[in-house]
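Residue numbers (this note's numbering): -15 to 344. Think of the CB as a built atom: it goes at the ideal place given N, C-alpha and C, for glycine as much as any other residue. All figures in this text were calculated on a predicted structure; none of them were measured in a lab. Remarks on the structure that follows.
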Amino acid sequence: MKQHRPRNFASDNNAPVCPEAWEAMQEANLHHASAYGTDPWTEKACEAIRDIFETKCEVFFAFNGTAANSLSLASLCQSYHSVICHSLAHVETDECGAPEFYSGGSKILLVEGEDGKVSPDSVEATVHRRSDLHFPKPKAVSITQSTEVGTTYTPAELRQLGAITHGLGLHLHMDGARFANALAELNCPPKDLTWKAGVDVLCLGGTKNGLAIGEAVVFFNHQLANEFEYRCKQAGQLCSKMRYLSAPWLGVLRDGAWLRHASHANACAARLEAGLREIPGAGILFPREANAVFAQLNDRIISGLYARGWEFYNFIAAGGCRLMCSWDTTEQDVDDFLADVADLTASGEDHRKSHPVLRH
Ligand SMILES: *Cc1c(COP(=O)(O)O)cnc(C)c1O
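See the structure below:
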């Protein structure tokens, strides 16, 4: 029989709400407060984000990452523009065309680059390939930090991309659904990964970091934030009881809980990676630089792990098994998983009939 496990490796959005976010919601839950973002929690949460980035950025809250990404990209582009991103980018593969829809038709142009990262050369080549008016004019580059395959852009890589992007007259958008994990790993001031490197707008992820709901859209380029509140409202992204969307940010930001949680998730992933490297036959597909490990396991092992109640995806991004750690993953979870991989490797036990490996 399939075991029920309290925690798994399917996604960091499968994890519950972290205590700091939960407590902040409760603190905001005492009295009446004004609606649509004019409450004191929202003001303080915006201020807390400005403190973290050490600049007077414009901050908006959205319910999810798809909205944050597509609305912010729409504010960088006209309908006849295009957005350059990696072929594995969430905006391309997992947003059901929302960036194109909200921008009224801006085309996504795909480029490649090692380890899920946009290569600066491919940006230049794409922009220079065509300059006639029959081709949708590139206007933005979108990058993901940390990437869809669990790698990170270093500050130097970001500065180089930022310089090239701006040199070509384009804006730089960052999908930071897992920005906290990248920041925790790189251990540098948040400004070094954003506006100092040329990022114009960051979609700062809250959900995968331990919030119940919500992402912050942070504009470092003030002009691009012009009338953004109207876009949010039109798209159904203006929360009327805004304090429940904003207060949890205060909870995770006020004593560094967001980075503690992210470092913990990263450390669990590092432990998982190290353990897998010890097991013959288990391969690691990408450098582990955040909270995900992409492992190559054979179908017999995958089916055996499913039969023992483990959950993880085996088709996300570039393939392989994506093992995602979250703020509440325990070392014991990691060790139990590794023990099962080792045991299945040694035993020859086969569950492929009862737990087939499904691939898209
Ligand atoms: C999870 C995720 C998002 C946000 O997705 P939603 O389901 O719309 O909240 C955005 N970008 C990346 C890279 C993600 O992993």
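| If you count every other CB in all the chains shown that lies within 10 Å of the CB of C2, and 16 or more means buried, which is it? | So C2 counts as buried.
| Cβ-heavy atom distance, E42 to ligand 1, below 7 Å | Not under cutoff, so the answer is no.
| query | Thinking C-beta only, is R34 closer than 8 Å to K40? | reply | It is a contact, given that the beta carbons lie within the stated cut-off.
| request: Report yes if the C-beta of N48 is less than 7 Å from at least one heavy atom of ligand 1; otherwise report no. | output: At least one heavy atom of ligand 1 sits closer than 7 Å to the Cβ of N48.
| task | Starting from the Cα of K337, find the closest Cα among S287, Q144, W311 and give me that residue. | result | K337 has its Cα closest to that of S287, out of S287, Q144, W311.
| task | Could you have a look at L237 and say whether DSSP puts it in helix, strand or coil? | result | Three-state result, L237: helix.
| request: Verify whether the separation of the beta carbon atoms of V185 and L208 is less than 8 Å. | output: Yes, they are a contact pair.
| task | Starting from A279, follow the alpha helix (DSSP H) in both directions and report where the run begins and ends. | result | Counting along the chain, A279 falls outside any alpha helix (DSSP H), though it belongs to the beta strand (DSSP E) covering 276 to 280.
| query | Nearest CA to the CA of I68: which residue from P(-10), I36, I148? | reply | Nearest neighbour of I68 by Cα position, chosen from P(-10), I36, I148, turns out to be I148.
| task | Alpha carbon to alpha carbon, how far is L281 from P271? Give it in angstroms, no decimals. | result | Looking at the two C-alpha atoms, the distance is approximately 16 Å.
| query | Looking only at DSSP bridge pairs, what is Y297 linked to? | reply | Per DSSP, R306.
| said: Can you tell me whether S126 is buried or exposed? The criterion is at least 16 other CB atoms within 10 Å of its CB, across all chains shown. | reply: Buried, by the Cβ-count rule.
| Proximity test, K337 beta-carbon vs ligand 1 heavy atom, cut-off 7 Å | No - ligand 1 has no heavy atom lying nearer than 7 Å to the Cβ of K337.
| Does the separation of the CB atoms of S130 and A166 fall below 8 Å? | At the C-beta level, S130 and A166 come within 8 Å of one another.
| Rounded to the nearest angstrom, how far is the Cβ of V202 from that of V43, given a contact under 8 Å? | About 6 Å separates the Cβ atoms of V202 and V43, confirming a contact at the 8 Å cut-off.
| request: Give me the Cα-Cα distance between T136 and A274, rounded to the nearest whole angstrom. | output: Answer to the nearest angstrom: the Cα atoms are 7 Å apart.
| query | Quick one: Cα of M308 to Cα of F212, how far? | reply | Looking at the two C-alpha atoms, the distance is approximately 33 Å.
| message | Which same chain residues end up closer than 8 Å to V236 when comparing Cβ atoms and leaving out the 5 residues on each side of it in sequence? | response | For V236, where only same-chain residues beyond five positions count, the Cβ hits under 8 Å are C2, E4, A5, A8, G190, N193, G194, L195, W242, H245.
| said: If contacts are defined as beta-carbon pairs under 8 Å, then L345 and G146 qualify, I think. What distance do you get, rounded to the angstrom? | reply: Absent from the model: residue 345. The displayed extent of the chain is -15 to 344, so no value can be given.
| said: Considering just the uninterrupted stretch of the alpha helix (DSSP H) at S115, what are its terminal residues? | reply: Secondary structure note for S115: it is in no alpha helix (DSSP H), with a DSSP letter that is neither H nor E.
| field | Contact under 8 Å by Cβ, H339 with A291 | value | Cβ distance < 8 Å, so H339 and A291 count as in contact.
| said: Ignoring anything shorter than 4 residues, give me the alpha helix (DSSP H) runs that lie fully in the region 104 to 183, in order along the chain. | reply: For the region 104 to 183, the full-length alpha helix (DSSP H) segments reaching 4 residues or more read 104 to 113, 139 to 151, 163 to 170 along the chain.
| message | Does the contact criterion of 3 or more C-beta pairs under 8 Å hold for the region 57 to 64 versus the region 76 to 88? | response | Contact between the region 57 to 64 and the region 76 to 88 is present, because at least three Cβ pairs lie under 8 Å.
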